[in-house]
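Asker:
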Amino acid sequence: MTPSDRDATGLLTRRDQYVQLITPTGERRHDPEYDPWVADVDADALARLYRDMAIVRRLDAEATALQRQGELGLWPPLAGQEAAQIGSARALRDDDFVFSSYREHAVAWCRGVGPAELLTVWRGSAASGWNPFEYAMAVPQIIIGAQALHATGYAMGLTWEESDAAAISYFGDGATSEGDVNEAFVFASSFDAPVVFFCQNNQWAISEPVDLQSKQHLARRADGFGMPGIRVDGNDVLAVLAATRIALDRARRGKGPTLIEAVTYRMGPHTTADDPKRYRTDDELADWRTRDPLARVLGLLGAMGTDADALEAEVAEESRAAAAELRAAVTTIPDPEPMSVFDHVYAEPNTHLARQRDHYARYLAMFEEADAAAASGAEGGAR
Amino acid sequence: MTPSDRDATGLLTRRDQYVQLITPTGERRHDPEYDPWVADVDADALARLYRDMAIVRRLDAEATALQRQGELGLWPPLAGQEAAQIGSARALRDDDFVFSSYREHAVAWCRGVGPAELLTVWRGSAASGWNPFEYAMAVPQIIIGAQALHATGYAMGLTWEESDAAAISYFGDGATSEGDVNEAFVFASSFDAPVVFFCQNNQWAISEPVDLQSKQHLARRADGFGMPGIRVDGNDVLAVLAATRIALDRARRGKGPTLIEAVTYRMGPHTTADDPKRYRTDDELADWRTRDPLARVLGLLGAMGTDADALEAEVAEESRAAAAELRAAVTTIPDPEPMSVFDHVYAEPNTHLARQRDHYARYLAMFEEADAAAASGAEGGAR
Amino acid sequence: MTTLTLGKALNEAMRRALAGDEKVVLMGEDIGTLGGVFRVTDGLKAEFGPNRVVDTPLSEAGIVGTAVGLAYRGFRPVVEIQFDGFIYPAFDQLIAQVAKLHYRSRGNVRMPLTIRVPFGGGIGAAEHHSESPEAYFAHTAGLRVVACSNPADAYVMLQQAIASDDPVLFFEPKRRYHVKGEVDLDASLADAKPMGLATFIAKGDDVTLVTYGGLVQTARDAAIAAAEDGISIEVIDLRSLAPIDYESVAASVRRTGRLVVAHEAGQQGGLGGELIAGITERCFEYLEAAPVRVTGHDIPYPPAKLERHHLPDLDRILDGVDRVLGRPNSLSGVEAGAR
Amino acid sequence: MTTLTLGKALNEAMRRALAGDEKVVLMGEDIGTLGGVFRVTDGLKAEFGPNRVVDTPLSEAGIVGTAVGLAYRGFRPVVEIQFDGFIYPAFDQLIAQVAKLHYRSRGNVRMPLTIRVPFGGGIGAAEHHSESPEAYFAHTAGLRVVACSNPADAYVMLQQAIASDDPVLFFEPKRRYHVKGEVDLDASLADAKPMGLATFIAKGDDVTLVTYGGLVQTARDAAIAAAEDGISIEVIDLRSLAPIDYESVAASVRRTGRLVVAHEAGQQGGLGGELIAGITERCFEYLEAAPVRVTGHDIPYPPAKLERHHLPDLDRILDGVDRVLGRPNSLSGVEAGAR
Ligand SMILES: Cc1ncc(C[n+]2csc(CCOP(=O)(O)OP(=O)(O)O)c2C)c(N)n1
Ligand SMILES: Cc1ncc(C[n+]2csc(CCOP(=O)(O)OP(=O)(O)O)c2C)c(N)n1
Ligand SMILES: [Mg+2]
Ligand SMILES: [Mg+2]
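Shown next, in the form of C-alpha cells:
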C-alpha cells in the first residue's frame, strides 16, 4: 500500500482541527465529505440521539450518587463524553462486537445492557455484569489498552469467516501510550482487520494531561501504522456518528482498520475515588462546559423547528424514570454465595481446585456446626 | 507542538522515496538539504568510510567461517548492512552511548571493541564481551526492541544532567512491531529525549518480510509520535552519515528524538543457524547485490580521482590482516571457571546464593577427591 | 519518635532519599502533581521538581525500561507501579533486563532500581487492584524482594532498598497505608536492621507462624487470640521474600517443631511451598507435624463482596494452627492422604 | 506404531487438530513459511493455508492478545512462543487476560488457547534461549501447565491441550526435539491417558524421583545407574505441572518414604518447593528423610560453556539421591541446619 492510497481514502487527519458538524452554539456546519454519512439523520433521529445522551447523563449521575451513598464501591463517570459514546455506539450493528474500557456505560446502555447488569461489577457483587455474547459487548477492560488487541483478534477472525461484521475498541488518550494499543495497530493494519479504534481523548489520564502522552494529535498516530485517522469533535454526536459510520463502512468493505480520535472532556472525576481539584483548574472545566454535547443538539433542533423545550421536558421525565429504575435495580443485585468464589476458575474439572473448594466448604461448615452447637448451648469445636 | 513545527524541521519523510547521496552506480546525487551535513567528507574521508566497510565485511565473513568451523556457537552476520552501521556509527561522538541489538558488529568495531571482545559472547565463553562503559556501548540486546527504552531512559538522564551527549538505539524492521519500541517513541517524544532511533530495515525479520510488520514506510511511524522521521538509503554510507548527523544535531540542540529508517538488506542468513533459501528468492538477492554499499563508494572515489584499484587492494590487505587477527583472537578467549557461574548475579552479598555456591563447590570438590582417591588407587566416595 | 501512617513513612523515606542523593529519581503514573493515587509521593514533586519526581506516560514497560537506561547513566530510579495488577506489562523489562543486566554485563552495569508495588487485598477494590504477585519475583534470580508491614519498617526498608545496588521489588501492603506507628525519622541507616532479616513479632513456643505484608497484623492478633486458649504462637514477619532469612525461621521451628505459613497469594507455587521445603530441608528432624499453608485460594482475585472468603483471616489462620497442633480443625477426620 | 522425533510428533498432533476442527488456528513468528525455527510447524501452512497457520508480526503480547480476541470469536488458537525467554512480553495478556477471562465473565467466555513454549537448556544457545519459566504459570490460577518429555506423550498431550476448553501452557523440552520414539498416530484421544496425570517411568522402592520435560531421560538414566549400586529409584514424569497429580506422587512416596525433585528452573520459589510442601502435607508420617531438591542454580541462565555447571545432570541427581538416602554425598558432614 502506498501512502497515496491512504490519502485517497480522504480520511487523513485534518491538521490542527477536527471534523465538526454541529457547533457548540448549535449551528449546523456543512461538510461535503461527512454530510452524506448522516443524510438520514432528520430532526426525529437527532432527537433520539439527544434522548440517548440525556438519559445516560442522568443514569451516570445517579450511579455517582449511589456510590456516594455506599450502594456502589466505585464508579467511573462518563459525564462529558455522552456524544462520543452515543454517536459511536449508535453507528454499530447488533452483530458488531464491542471491546470497551471501564467508562463506556453509554455504549453498554445502547447495546441493551440492563441497569442491574450495569452496576453489578461496581457494586462488587460479581466479576461481571452481563454475558458478553448476549449484547455483543465484552466484559469491560480495566487493564489499560489490553482490549485493543482483543478487538483486533476478533476482527481477524471475522475476515477469516468472511463475515461483514466489525469490531470496535474503545480506549482513552492515556491508553495510546501502552504497547498493547500500538501492537493492535500493527496487527490490525497487517491483517486488514475490520476494527475501529475509537479513542476518547478526554484530555486526562487520571491526573496526567494528554500532552504528557503525546505532543501530536492522537489521530495522527494512524498514518504511520498504515491506516487512516480521523480527528472528530467528540462532543458533536452527529460528527461522531458520521466518522464511525465511515470507519465501519471501510471495515465492512475489507479496507481494514481506522483510528478515530474523539476530542472530548471528562467533566467529572476519574472515578468517585478521585479528586480532580488536585490537578486541573475550574477555568478549564468552565471552558469545556461551553462545548456541552447536549445543549448544542437542542439548539440545532430548535433551529430545525422542533419544540426544544417540550423535548427537553419530555426527555427529562424519561430520564428521571430511568434513574429511578437504576436506583431500584441496585438493591436487586444478589449478594454472591460464599462458595461461588470458586466458580468458573476453569471450564473443565480441576483436581487441585476441587480439593481446595472441598476444604473451604468444610471450613465454613465448621462454623455452622459451632453456631448450631452454641445455639443448642453445647460446646463448639471452633472459635 | 503543532504539526507544522515538525514540518518546519524539514525532516518529514519523503514519501515513496529516500535520501540518497550516492547512487548504486557511484554517481554523487546532490541534495540541498543533506549535502551541507557531509560537506567535510572529501575523498580521503570517503576512502576511510570505504575502508571501515571493507574491513567489517571481511571480519563478518571470518566470524561466519569460525562458526562453521565450530569455534563459535552462533553468529548473526551483518553482510549487506555495512553502510547503515558504519555511516551511523561514524557520526557518533565518543561520549554518545550506543544501545544496539545483536547484529551491530560494525558499530562495536567503530566504538573500539576488540576482536576477542567481539566474539566472546558468540563463543559462549561469557555473558558479555566488553565493559559497556569502556566503549559507551551497552551489552547487545537479544530481546527484540527492549534496548529502545534503555536508550530513551539514558537520554532522559542526559537532559536532566544538561549534557549535550546523545544516545542511539539500533533495532530492526521487525522490532517496530514490539510494544517496547513504540513506548520508547512515546517517552522520547514526551521528554524531548536526545535519542536517535536507528532502524535498519533489512527487509526481513528471520523469515518474515517487512510488509508483514508494516504496510507503511517505517519512517512514517515517527510523525504520529511527534518526532521527525528520515527514510534513507541504508546502503549509501554518505546519506546515512548525513541523516545521523542531522538527528544527532537535533538531539544536542534539545529538539528531541528522531527516527531514521535505513533501507538496506540482510545479504546473509538471519544467523548461522538460519536457512534463507526456505523463504526468499535468489532473484531478490541478486537484485540487492546490484545495490552493494561498497562498490558504489569505490565508483565515486574513482570519479573523484582516487586510484580505486590501489585503494581496494590496499584495504583488502588490511582486511586480511584484521581477519587473521580475529581468527587468532578467538582461541585466546579463556574458558570460564566453573564456579564463575555464580559471579555477578548480585552486586551485594546474597545469603541464599552464597549457600548455593558453597554447596556446588562442595559438590565439585567431591569429584576432585574421588579422582584423587581413584588416582591413589583407593575407594572414592562418589561415582 | 514521630507517629506516622505507613504511607507517610514511605513518603518521608523517599524525601530523605531524594535529598540525600541527587541521582535518586522517582518515576510513575500520577506520582507527581497528584502525589500518587494513595498520596504516598504527596508533595515530593513540589519539593524536588519535575526532573526528580517524574510523571510518566501511561506505560509500565516504558517506565521500567527507561529506568533501566537511567541506571546505565548512573541514576537510582524509584519506580511506582500504581497497583499490583498493573506490573505485568513491565514483566519482560523486569525479568529479562532488570534482573539479568548485572550478570549479563559481568558486574559492569548496576541496576539499583527500586520498584514500589502497593499489593494485596482487603480494600474492596475492583479487579486487578488486589493482587499478590510477589512469588513471580521471588523466583527470579537477580532480584531482591521485600515486603514491609508497619511504618517503622517502611521508613527504614525503603531507604535500604533505594540504597541497595541490586534491584529491589518493594511490596507495600495497601490495606495498611493508613495504619499509624512510631517512626524514628533520624535513625541512621548504618545501624538499622538489614532488610534481609526477618523480625520476631511475638515470641512463642508451640507454633511458628510466618507471614509478611498485610497479614502480619492478622497473625499478631491470631497469636493473642490463641494465647487465650493457652497456645503460644511465635509470629515472624518475613520482611525479605528473596532471599528468605531461613536462619531466623529455622531457629524458631527448631524450638516449636511446628510451622504455619500464611500469605494472601494463591497456594499453588506460592512462597509457602518454598518456605516449607526450605525449612523441611533444614529442620526435618525437628518437625513434629506437617507444616501448614494458610493462603488465598488458587482463583483470580474475586469480586469485593467475596474477598473475605478468599483472604486468610484470623479464624483461618487459627484453623491452620489447630491443624498443625492436631487440635480439632476444619480437616479433622479427613485422612491426611486425602488432604 | 510409527517412529517419530518429538518435534515431528508435535507437528502431526497439530496437523490432526487443524484437520479435525476448523476453528483451530496456529499463530506465531516464523511458523508458516519457515515452519518454525525448530521446524515443528513444517508444512502446515502449505497444507492448511495462511488463515489457519498464521505468520504474525513480531510481538508476543500482540500474538496472545489477538488470540484472546479470536477465542472470543470461537476460535481455538494454538500460539507458538519462539523461545522460552520471549514469553515475558506476553505476560500481561497471559496473566491478566487469558488466565482470568473465564472467571471474569462468569463462565461465559472460554479461553481454549494453547501456548506452545520450547523450553529449557542443554543446547548451548545464546542468552534468553534456555529458560524454564514454568513456575510463573503454575502459580497463576486459571491456567493449566503441562510439559511433555517424549514423542508419544507429545503427540497425545498436545491434542489434549488443544481440545481443552481451558488455556494450557504447553512446554516442549527443546533439547529433546530430535529424539525419536514410537507414536501411535491413530490412537483415539478418547481412551488416551489424561494430560493431568503423571506417568511412572521406572518402578522402584527406595526413592521417588520426580521430574518433567528435558530431565525425564536424565532421571531414567540415573535410575539405571543407581540400580548398579543396588538403589531402586521410582521415576515419575510429572507431565502436568498445574494441577499436580499429587495422588500418584503421594502413592509412591508412601512406599519409598523418600522424595527427590529435579528441575532445570531455579530452586527459589520453583516447583520443587510446591511439590515438597504438597507431599509433606499428604505424607508427613511416611517421610523417612527430608525431601531433596536438585535444580538449576538461582542465577540467570549462564553462557553456553557454563550451562553444564548449571543444569542438573545424572551425577547431581544421584548426589541428591544419596542425600535423601543418607549415603555419602556432597553435603556429608554439613550440618542439616547449616544447609
Ligand atoms: C496497565 C494499567 N496501568 C495503570 C492503570 C491505572 N489506571 C486506571 S485508569 C488510568 C488512566 C487511563 O486514562 P485514559 O486511557 O485516558 O482513559 P480515561 O480514564 O481518561 O477514560 C490509569 C493510569 C491500569 N488500570 N492499567
Ligand atoms: C522478544 C523477542 N521475540 C522473538 C525473538 C526471536 N527473534 C530473534 S531475531 C528475530 C527477528 C528480528 O528481526 P528484525 O527486528 O528485523 O532484526 P534483524 O534480525 O533483521 O536485524 C526474532 C523474531 C527475540 N529475540 N525476542
Ligand atoms: Mg483520558
Ligand atoms: Mg530485519
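Residue numbers (the working numbering), protein chains in the order written: chain A, 1 to 383; chain B, 384 to 766; chain C, 767 to 1105; chain D, 1106 to 1444.
We put the CB at the ideal spot given by N, CA and C, even for glycine.
Specify the secondary structure class of Ala205 (chain A) as computed by DSSP and reduced to three states.
Answerer: DSSP, reduced to helix, strand and coil, places Ala205 (chain A) within a strand of the structure shown.
Asker: Within the present structure, is the beta-carbon of Asp950 (chain C) separated from the nearest heavy atom of ligand 4 by less than 7 Å?
Answerer: no
Asker: What's the C-alpha gap between Ala146 (chain A) and Val181 (chain A)?
Answerer: 7 Å
Asker: Could you check if Pro1417 (chain D) is buried or exposed, using at least 16 other CB atoms within 10 Å of its CB as the buried criterion?
Answerer: buried
Asker: Between the segment 165-190 of chain A and chain D, which residues of the former have a C-beta closer than 8 Å to a C-beta of the latter?
Answerer: Ala167, Gly179, Asp180, Glu183, Ala184, Val186, Phe187 and Ser190
Asker: Could you tell me if the beta carbon of Gly651 (chain B) falls within a distance shorter than 7 Å of some heavy atom in ligand 2?
Answerer: If you check the C-beta of Gly651 (chain B) against ligand 2, you find no heavy atom less than 7 Å away.
Asker: Report the residue from A:Ile55, A:Ala310, A:Ala222 and A:Arg357 whose alpha carbon sits nearest the alpha carbon of Gly1062 (chain C).
Answerer: A:Arg357
Asker: So, does the segment 912-922 of chain C touch the segment 931-946 of chain C, judging by three or more C-beta pairs under 8 Å?
Answerer: yes
Asker: Should Phe197 (chain A) be counted as a contact of ligand 1 given a C-beta to heavy atom distance under 7 Å?
Answerer: no
Asker: Look at the Cβ atom of Ser871 (chain C), then the Cβ atom of Phe885 (chain C), and state whether they are nearer than 8 Å.
Answerer: no
Asker: Just checking Gly557 (chain B) against ligand 4 - is the residue's beta carbon closer than 7 Å to any of the ligand's heavy atoms?
Answerer: yes
Asker: Does Arg220 (chain A) have its Cβ less than 8 Å from a Cβ in chain B?
Answerer: Interface residue, yes.
Asker: Quick one: is Ser454 (chain A) buried, meaning 16 or more other Cβ sit within 10 Å of its Cβ, or exposed?
Answerer: Residue 454 (chain A) cannot be examined here, being either before or after the span of chain A that is shown, 1 to 383.
Asker: Where does Ala374 (chain A) fall in DSSP's three states?
Answerer: It is helical.
Asker: Can we say the segment 652-662 of chain B touches the segment 1136-1146 of chain D, given the rule of at least three CB pairs closer than 8 Å?
Answerer: Between the segment 652-662 of chain B and the segment 1136-1146 of chain D there are three or more inter-stretch CB-CB distances shorter than 8 Å, so the stretches are counted as touching.
Asker: Quick check: is any heavy atom of ligand 3 less than 7 Å from the C-beta of Asn235 (chain A)?
Answerer: no
Asker: Which residue comes first and which comes last in the beta strand (DSSP E) that contains Met780 (chain C)?
Answerer: First-last for Met780 (chain C): Leu772 to Gly786, but that is the alpha helix (DSSP H), not the beta strand (DSSP E).
Asker: If Ile1228 (chain D) and Arg1280 (chain D) are in contact, beta carbons under 8 Å, what's the gap, nearest whole angstrom?
Answerer: By a beta-carbon distance limit of 8 Å, Ile1228 (chain D) contacts Arg1280 (chain D). Their separation comes to about 5 Å.
Asker: Please confirm whether Asp309 (chain A) has its beta-carbon closer than 8 Å to some beta-carbon of chain C.
Answerer: no
Asker: In terms of alpha-carbon separation, which member of D:Ile1341, D:Tyr1177, D:Ala1118 and D:Val1366 lies closest to Leu1149 (chain D)?
Answerer: D:Ala1118
Asker: Measure the CB-CB distance between Leu770 (chain C) and Val949 (chain C) and report whether it falls below 8 Å.
Answerer: Cβ distance < 8 Å, so Leu770 (chain C) and Val949 (chain C) count as in contact.
Asker: Report whether the distance from the Cβ of Asn1095 (chain C) to the nearest heavy atom of ligand 3 is below 7 Å.
Answerer: With a threshold of 7 Å, the Cβ atom of Asn1095 (chain C) does not count as near ligand 3, since no heavy atom of the ligand is closer than that.
Asker: With a threshold of 7 Å (Cβ to nearest heavy atom), would Leu824 (chain C) be considered close to ligand 1?
Answerer: yes
Asker: Helix, strand or coil: how does DSSP classify Met749 (chain B) here?
Answerer: helix
Asker: Taking 7 Å as the line, does the beta carbon of Ala205 (chain A) fall inside it for any heavy atom of ligand 3?
Answerer: yes
Asker: Just list the alpha helix (DSSP H) runs in the segment 234-306 of chain A, keeping only unbroken ones of 4 residues or longer that don't cross its boundaries, in chain order.
Answerer: 237-252, 282-289 and 293-303
Asker: Could you check the C-alpha separation between Ala373 (chain A) and Arg1074 (chain C) for me, to the nearest Å?
Answerer: 24 Å
Asker: What does the alpha-carbon distance come out to for the pair Gln155 (chain A) and His105 (chain A)?
Answerer: With the sequence shown as reference, residue 155 (chain A) is identified as Ala, and Gln is not the correct amino acid for it. Those two C-alpha atoms are separated by around 22 Å.
Asker: Between Pro3 (chain A) and chain C, is any beta-carbon pair separated by less than 8 Å?
Answerer: With a pLDDT of 30 at Pro3 (chain A), under the threshold of 50, the predicted position of this residue should be treated as unreliable, though the coordinate-derived value follows. It does not: the Cβ of Pro3 (chain A) has no partner Cβ on chain C nearer than 8 Å.
Asker: Pick out whichever of C:Val973, C:Asp919 and C:Val945 has its Cα sitting closest to the Cα of Ala953 (chain C).
Answerer: C:Asp919
Asker: Using the rule of at least 16 other Cβ atoms within 10 Å of the residue's Cβ for burial, across every protein chain shown, is Lys1285 (chain D) buried or exposed?
Answerer: exposed
Asker: Looking only at its own chain, which residues have a Cβ that is under 7 Å from the Cβ of Ala1172 (chain D), when we skip the five neighbours before and after it?
Answerer: Correct list, in chain order: Met1132, Pro1182, Val1184 and Leu1218.
Asker: Just to confirm before moving on: does the CB-CB distance between Phe1153 (chain D) and Gly1112 (chain D) stay below 8 Å?
Answerer: Their beta carbons are not under 8 Å apart, which means Phe1153 (chain D) does not touch Gly1112 (chain D) by this criterion.
Asker: Asn202 (chain A): beta carbon under 7 Å from a heavy atom of ligand 6?
Answerer: Absence of ligand 6 from the depicted structure is noted, with ligand 1, ligand 2, ligand 3 and ligand 4 being the only ligands included.
Asker: Given the structure, does Ile526 (chain B) come close to ligand 2, in the sense that its CB is under 7 Å from one of the ligand's heavy atoms?
Answerer: yes
Asker: Residues in the same chain with beta-carbon distance under 7 Å from Ala323 (chain A), minus the five sequence neighbours each way, listed in chain order, please.
Answerer: Arg58, Leu59 and Glu62
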